[in-house]
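Below is one structure, written out as structure tokens; the observations come after it.
Number of protein chains: 2
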Amino acid sequence: MMANTSELAQQLRIDSLRCSTAAGSGHPTSSLSAADLMAVLLEQALRWDLRHPDNPNNDHLIFSKGHASPLLYAMLKAAGVITDAELLSYRRFRSPLQGHPVPTLPGVEVATGSLGQGLPIGVGMALSGKYLEKRPYRVWVLLGDSEMSEGSIWEALDHARHFKLGNLVGILDMNRLGQRGETPLGWNGTAYAQRARAFGWNAFEIDGHDRNAIAYAYREALVDPDTPTLIVARTVKGKGVSLVENQDGWHGKALDEKQCAEAIAELGGERHLAVRVRAPDPDQPSNPTVYPADLPAYERGTQVATRKAYGDALQALGGARSDIVVLDGEVGNSTYAEEFAKAYPGRYFEMFISEQQMVAAAVGLSARQHAPFASSFAAFLTRAYDFIRMAAASRANIRLCGSHAGVSIGEDGPSQMGLEDLAMMRAVRGSTVLYPCCANQTARLVESMANRRGVVYLRTTREKTPVLYDDKESFPIGGSKVLRLSTADRAVIIGAGITVHEALKAHGRLLDQGIRTRVVDAYSIKPIDGAGIRTAVEATGGTVVVVEDHWSEGGLGDAVLECLNGERPLTARVVRLAVKTMPGSGKPAELLHAAGIDADAIAAAVRALLPRKKSRNCYICGNPALWRIAVGGEDESATHENACEAHASGHLRIGRLASSPSNQRTGGVTP
Amino acid sequence: MMANTSELAQQLRIDSLRCSTAAGSGHPTSSLSAADLMAVLLEQALRWDLRHPDNPNNDHLIFSKGHASPLLYAMLKAAGVITDAELLSYRRFRSPLQGHPVPTLPGVEVATGSLGQGLPIGVGMALSGKYLEKRPYRVWVLLGDSEMSEGSIWEALDHARHFKLGNLVGILDMNRLGQRGETPLGWNGTAYAQRARAFGWNAFEIDGHDRNAIAYAYREALVDPDTPTLIVARTVKGKGVSLVENQDGWHGKALDEKQCAEAIAELGGERHLAVRVRAPDPDQPSNPTVYPADLPAYERGTQVATRKAYGDALQALGGARSDIVVLDGEVGNSTYAEEFAKAYPGRYFEMFISEQQMVAAAVGLSARQHAPFASSFAAFLTRAYDFIRMAAASRANIRLCGSHAGVSIGEDGPSQMGLEDLAMMRAVRGSTVLYPCCANQTARLVESMANRRGVVYLRTTREKTPVLYDDKESFPIGGSKVLRLSTADRAVIIGAGITVHEALKAHGRLLDQGIRTRVVDAYSIKPIDGAGIRTAVEATGGTVVVVEDHWSEGGLGDAVLECLNGERPLTARVVRLAVKTMPGSGKPAELLHAAGIDADAIAAAVRALLPRKKSRNCYICGNPALWRIAVGGEDESATHENACEAHASGHLRIGRLASSPSNQRTGGVTP
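One line per chain: the protein sequences are A and B, in this order. Residue numbers are given in full-length UniProt numbering: position 282 of the first sequence equals residue 282, and the series is strictly consecutive. Residue numbers are given in full-length UniProt numbering: position 301 of the second sequence equals residue 301, and the series is strictly consecutive.
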């Protein structure tokens with residue numbers, strides 16, 4: 001039997017009911033309202049080659065109202081992607097047909113279920129279609145009316161207009177009822193349409209159960225290649241089933257078996273139509289060109305901000321890899337994403353002050369096989385946390401860079417200081433969290449990010465800092481570097497980013513006082529270098545100072561404690577220096593000092609941890625002595641010479657001083 | 001000399017330049033564009049009693065474009081709140097005149113600087129003025145045009161219309177230029193006005209440097225008590241200083257001293273006018289009525305979801321305290337905030353699916369001395385992280401409740417599971433993080449939340465769980481409870497919320513196998529009960545299993561490791577059970593099991609930690625034995641009897657069995 005729209009729509013309704021009743025939960029009424037919209041889409045508008053889900057000309061359909069997943073799965077069954085038995089596995093343990101869509105089935109490309117995310121993700125896909133892939137596909141987004149209250153929807157409308165995304169169509173299932181009552185606008189379709197038009201979209205108000213009106217709207221939506229369209233479809237929640245139609249109290253509830261049977265009868269009985277979805281022209285996905293990048297190199301000892309190195313490295317990668325796409329939240333001259341923008345304007349999208357839209361677009365671009373990087377101040381990435389969390393559920397490969405981390409930004413004050421970004425990013429499933437202290441290191445890590453799967457985060461620093469590493473040094477993700485090391489180390493200082501430089505200063509001061517410390521640069525916060533850090537901690541008798549420009553919760557300190565708590569737990573005295581009170585404005589050095597995370601604080605913490613010794617006196621005159629320490633001394637007492645400042649140069653037997661303190665401080669990078 | 005508007009405006013410009021040049025940083029050009037707007041506001045529209053900043057009839061002014069702080073401080077100087085010398089301390093270490101406003105000065109009530117937050121906070125203040133305080137004050141919000149790209153601005157427009165906030169006026173300083181170039185809409189004032197009108201606001205387009213037009217707009221903005229107004233003021237960035245006027249590349253840059261001197265000359269020279277701001281009718285802040293609440297009580301052993309107890313307790317508190325105000329993100333029938341809404345509809349605001357606006361409104365209500373509670377699914381509070389972070393900078397006292405935490409929600413899948421909320425909330429300055437496992441405990445904690453300062457978070461569970469505690473039990477913040485204890489405990493299991501119940505089950509199973517464990521309910525995640533947990537860990541020889549329904553980063557496990565790493569570090573073997581792979585749909589028990597955080601996993605982890613012993617056999621027949629353990633036994637071997645199941649009841653010398661395992665499992669709560 002040839003399917004016609006209303007027959008198919010009834011089947012979609014019935015299958016939505018069947019699978020949710022079988023599951024005992026789900027959102028059948030939210031599916032019933034949109035069944036006619038989706039039936040017409042499947043039969044008349046969607047271009048989708050189900051035998052070739054990787055056909056790059058395929059349209060994209062996103063259920064932004066992810067709770068209508070029964071309808072989505074009913075569509076996949078009608079299109080022949082899943083069987084009826086698979087449909088009935090809905091919401092079962094290990095079934096790919098989850099309560100809200102996740103990309104485990106052909107035709108489901110991103111996870112939804114946190115409302116307001118599907119349309120901004122669709123903007124990312126549409127950007128790709130129009131500007132990067134230059135393909136004729138369209139992006140259809142099914143929207144619920146409740147999610148129109150999310151600001152991210154309006155960010156998407158704003159950006160779709162700005163980028164002239166005529167390939168993007170929003171289908172608003174205006175069923176009037178939210179979870180617990182009427183939406184703010186109810187059935188006021190004119191209000192939605194006026195808002196959309198004010199945001200530069202075409203808008204049509206239609207009866208969402210009139211298949212002719214729906215088909216007309218879909219055709220009209222595609223006429224203007226430069227204007228996105230919102231179809232405001234007035235629908236009835238629970239449409240077709242008198243028990244639940246337009247009723248409060250039926251959101252997110254499955255019918256029981258008896259109710260379901262009656263509803264199926266009311267809808268004309270079970271049917272199993274197969275719909276032939278029209279396929280677009282066949283094509284193969286194009287492979288990006290990927291060459292080794294000629295990364296920027298910085299001279300050791302020069303002052304370069306890691307944020308600048310981020311921009312430089314991005315630009316270098318842009319030349320080597322055609323899949324790199326860069327987004328920024330209107331701070332590209334601060335994050336230095338502008339370096340890429342200048343070189344490759346066609347692969348750079350200015351997302352303005354809309355961090356949610358920026359991250360969502362990155363997810364959409366990832367779904368289209370690009371390698372997106374997106375940047376803003378670390379503080380402002382908190383704006384997009386729900387999107388970052390959902391990116392992990394979408395299995396997206398996105399790279400985020402947060403600049404201006406910590407109190408070290410100085411005068412701008414706490415609103416601009418990223419102080420929770422490490423905690424936020426560590427607690428994302430499968431994430432990678434990197435925090436370089438040096439420009440050459442940054443460049444290498446940016447290169448690694450491009451190849452890394454999942455959500456990858458790089459934290460950069462506003463201030464210029466000395467280049468510590470050679471440009472040929474490698475920085476594996478999950479590694480760390482020991483910057484200062486001797487066999488006489490009595491404590492280990494673990495820092496990352498800006499605090500590495502404070503740790504090095506503290507090392508020098510402590511050395512002047514005869515206290516040797518090991519300095520570890522934990523540039524890979526997640527995964528943390530458990531083996532390397534444990535080795536350093538064991539070698540120094542378990543005396544550890546961890547220092548970070550971040551709140552004390554969730555950052556480097558927690559990561560270090562986690563790796564000390566291994567199979568074989570170490571007894572260590574770990575002092576954690578981190579930001580503990582609300583900072584204000586001031587110079588970077590003042591704020592690092594006030595927060596207790598500068599060289600002074602580190603040196604004091606090390607000294608406080610070490611057992612007190614009797615002070616030694618000059619072996620010539622008996623006055624308080626300086627300590628000079630020989631490199632590689634096995635036994636401290638055997639290799640130390642104690643002399644007061646006045647006597648030090650003249651009386652010490654130089655032959656036993658293998659290295660002077662100043663040599664030590666400028667010593668090379670050790671394995 | 002009597003100030004007139006343009007004289008005052010020039011002074012505001014000059015002082016904006018002077019203080020930012022003195023600081024060597026800041027945003028003078030963003031201040032210059034809005035100087036006429038703010039001069040007219042100060043002289044003609046604002047009602048503010050500077051001698052009585054707590055006059056509850058005072059208007060409120062929020063600089064949503066917080067980077068224009070030089071202009072704000074110049075206004076405070078003109079109004080006599082600060083001296084000229086104080087003005088020139090701008091951005092200095094320890095000066096209250098921070099780079100972006102924080103509430104350290106009269107007239108600054110909330111922190112801004114993360115764009116797009118001032119207007120939604122203003123919605124909260126306006127809600128209070130119109131519906132709670134019923135006072136004539138108006139809320140004025142100075143907006144930048146770049147921040148109109150933030151979705152949260154449109155959430156605010158939507159809610160202001162919905163709540164008919166005619167006491168809210170947005171003043172849009174449309175200076176065309178963002179940080180790095182033109183805004184998406186440039187000087188298209190008509191587009192902004194049309195969008196605002198589509199969102200149900202009045203909108204005026206004016207020349208933002210024409211003081212008559214400004215004054216007219218301010219008067220007209222207040223005419224309609226039920227309609228908020230947006231004044232779209234076309235301005236010129238850097239207005240009045242030819243060096244910087246309407247120039248790219250001058251965002252966030254101070255003039256040097258020479259440039260500043262020339263600019264001051266161009267503006268007609270330094271002046272020090274005092275403006276008399278019109279005071280509203282005097283009044284005293286009204287004190288809320290606060291009585292002890294008659295909290296709900298639940299019978300031990302009954303099944304009650306903690307989210308239900310949250311709603312019940314809120315309702316009880318609502319009757320006892322007039323300052324409690326409740327907000328919810330259109331899921332009040334899931335979070336059970338609806339219990340409060342039913343009883344006290346006048347103090348309940350439905351914020352629909354707009355978590356950013358919800359938290360911002362709570363901040364605004366806190367600034368008006370209410371005690372707001374706001375709830376949604378824990379997962380969706382991630383949407384508002386930037387607002388929560390900034391609430392701490394605003395020194396707001398807000399209480400957030402996240403329901404549906406963890407994989408234990410079951411079929412809805414990962415998009416609905418709060419799995420990063422503990423990490424997110426711990427990393428907020430001064431926050432409190434609570435996670436109850438029992439309805440009576442929840443009620444007590446909700447009561448404590450009402451009195452707690454700062455950002456206070458409560459995590460609740462979807463599933464019904466047994467009531468464990470008596471309704472008279474107290475639960476101090478920073479405490480924990482030992483639920484199972486004996487002197488023969490060989491390991492401690494630390495859980496919170498849903499995992500406490502799994503820990504108790506594991507305890508019972510292990511007991512059957514002769515392994516005694518201590519069970520700790522760490523309901524206060526931050527502050528964590530360091531002393532209590534250390535005591536439990538020491539008593540059990542440092543064998544610890546921490547189990548949480550959360551990602552392994554940033555939650556209970558990190559908090560426990562932090563408290564074991566005290567002044568006197570403990571050697572402990574801590575096994576952390578947490579969610580490590582992306583969950584799917586399924587029944588709660590299936591998902592707890594798959595995540596390795598159920599009783600099976602806990603028991604297995606404890607067994608794996610304990611040293612292996614030779615298995616003992618029944619002392620009668622030699623078959624594998626059950627272990628029965630006497631309570632209070634000093635030496636395990638002396639107080640154990642080993643018998644197989646068949647022989648256990650008949651042959652054991654009952655006299656030596658102080659307590660049977662089943663008694664143990666239902667045993668009372670111990671200190």
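In this text, a Cβ means the ideal position worked out from N, Cα and C, and glycines have one as well. Quantities reported herein were computed from a predicted structural model and do not represent experimental measurements.
Give me the DSSP bridge partner(s) of residue i.
i	result
Leu458 (chain A)	A:Cys401 and A:Leu434
Asn202 (chain B)	B:Thr229
Gly495 (chain B)	B:Asp521
His60 (chain B)	B:Val139
Glu567 (chain A)	Note: Glu567 (chain A) sits in no beta bridge, so no partner.
Glu350 (chain B)	B:Asp328
Val574 (chain B)	B:Val544
Could you tell me whether any Cβ in chain A is nearer than 7 angstroms to the Cβ of residue i?
i	result
Asp226 (chain B)	no
Ile82 (chain B)	no
Gly584 (chain B)	yes
Asp529 (chain B)	no
Glu641 (chain B)	The pLDDT assigned to Glu641 (chain B) is 48, lower than 50, so where the model puts this residue is not dependable; a value taken from the coordinates is nonetheless given after this. No, because no Cβ of chain A sits closer than 7 angstroms to the Cβ of Glu641 (chain B).
Arg195 (chain B)	yes
Ala198 (chain B)	yes
Between residue i and chain B, is there a C-beta pair that is closer than 7 angstroms?
i	result
Ile353 (chain A)	yes
Ile14 (chain A)	no
His162 (chain A)	yes
Gly478 (chain A)	no
Asp386 (chain A)	yes
Thr382 (chain A)	yes
Trp154 (chain A)	yes
Gly596 (chain A)	no
Ala423 (chain A)	yes
Glu339 (chain A)	no
Gly497 (chain A)	no
Could you work out which residues of chain B lie near residue i, taking near to mean beta carbons separated by less than 7 angstroms?
i	result
Glu330 (chain A)	Ser146, Gly178, Gln179 and Arg180
Gln356 (chain A)	Gly151
Since residue i meets chain B, which of its residues come closer than 8 angstroms, beta carbon to beta carbon?
i	result
Lys587 (chain A)	Phe93
So with CB distances below 9 angstroms, who are the chain A contacts of residue i?
i	result
residue 703 (chain B)	Because chain B here runs from 1 to 671, residue 703 (chain B) falls outside it and cannot be looked at.
Listing by chain order, which chain A residues have their CB less than 8 angstroms from the CB of residue i?
i	result
Met390 (chain B)	Ser415
Ala393 (chain B)	Pro414, Ser415 and Met582
Asp158 (chain B)	Ser149 and Pro184
Could you list which residues in chain A have their beta carbon closer than 7 angstroms to that of residue i, in chain order?
i	result
residue 672 (chain B)	Here chain B comprises residues numbered 1 to 671, so residue 672 (chain B) is not present and cannot be evaluated.
**OP:** Return the residues of the stretch 291-311 of chain B that lie within a Cβ-Cβ distance of less than 9 angstroms from chain A, sorted by chain order.
**Re:** Here the close residues number zero.
Original post:
Which residues, taken in chain order from the stretch 556-579 of chain A, show a beta carbon closer than 7 angstroms to some beta carbon of chain B?
Top reply: Asp558, Leu561, Glu562, Asn565, Pro569, Thr571, Ala572, Arg573 and Val574
Subject >> Stretch pair the stretch 503-511 of chain B + the stretch 591-603 of chain B: three plus CB contacts closer than 8 angstroms >> reply: At 8 angstroms Cβ cutoff, the stretches touch.
**OP:** Could you name the residues of the stretch 426-453 of chain B whose beta carbon sits closer than 9 angstroms to any beta carbon of chain A, in the order they occur along the chain?
**Re:** Arg426, Ala427, Val428, Arg429, Gly430 and Ser431
Original post:
What residues in the stretch 98-115 of chain B have a beta carbon less than 9 angstroms from any beta carbon of chain A?
Top reply: Gln98, Gly99, His100, Pro101, Val102, Thr104, Ala111, Thr112, Gly113, Ser114 and Leu115
**OP:** Pull out every residue of the stretch 23-50 of chain A whose Cβ sits closer than 7 angstroms to any Cβ of chain B, in chain order.
**Re:** Ala23 and Ser25
**OP:** Examine the Cβ distances between the stretch 114-121 of chain A and the stretch 428-439 of chain B and report whether three or more of them are shorter than 8 angstroms.
**Re:** No, the stretch 114-121 of chain A does not touch the stretch 428-439 of chain B.
**OP:** Decide yes or no for the touch test of the stretch 586-600 of chain B against the stretch 514-532 of chain B: beta carbon pairs closer than 8 angstroms, at least 3 of them.
**Re:** No, the stretch 586-600 of chain B is not in contact with the stretch 514-532 of chain B.
Original post:
For the 8 angstroms Cβ check, are there 3 or more pairs between the stretch 197-208 of chain B and the stretch 129-149 of chain B?
Top reply: no
Original post:
Just by C-beta distance, which residues in the stretch 251-283 of chain B are closer than 9 angstroms to chain A?
Top reply: His251 and Gly252
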